Amino acid sequence: MDALREVDGVAYVRFASVYRNFREIEAFSKILDDMNHPSVAINDPSQETP
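Residues 15 to 64 (this note's numbering) make up the sequence shown, in order.
#1: Return the first residue and the last residue of the alpha helix (DSSP H) that ARG34 is part of.
#2: Residues in its own chain within less than 8 Å of PHE29 by CB, not counting five upstream and five downstream?
#3: Count the other CB atoms, across all protein chains shown, that sit within 10 Å of the CB of TYR26; report buried if there are 16 or more and exposed otherwise.
#4: Does any C-beta atom of chain B lie closer than 8 Å to the C-beta of GLU40?
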């Protein structure tokens, strides 16, 4: 999914909304925030808090 994110942000958000099966607006909002702040990778385990 990261490759799609780099190529086409809109397609990425559309795909992620189906693939991740969002149930709450907060989860969808997080994806948009992550798109606006690319320094934090979405699937980067080093960014997770223990």
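Glycine included, C-beta positions come from ideal geometry on N, C-alpha and C. Everything numeric in this text was worked out from a predicted model, so none of it was measured.
In terms of the structure at hand:
#1: By 1-based counting over the sequence shown, the position of residue 34 is 20. Taken as a continuous stretch (DSSP letters only), ARG34 belongs to no alpha helix (DSSP H), as it is neither H nor E.
#2: As a working note, residue 29 is residue 15 in the sequence shown. The answer, listed in chain order, is MET15 and LEU18.
#3: By 1-based counting over the sequence shown, the position of residue 26 is 12. Buried: at least 16 other Cβ atoms inside 10 Å.
#4: The chain labelled as chain B is not found in the depicted structure, where only one protein chain is given.
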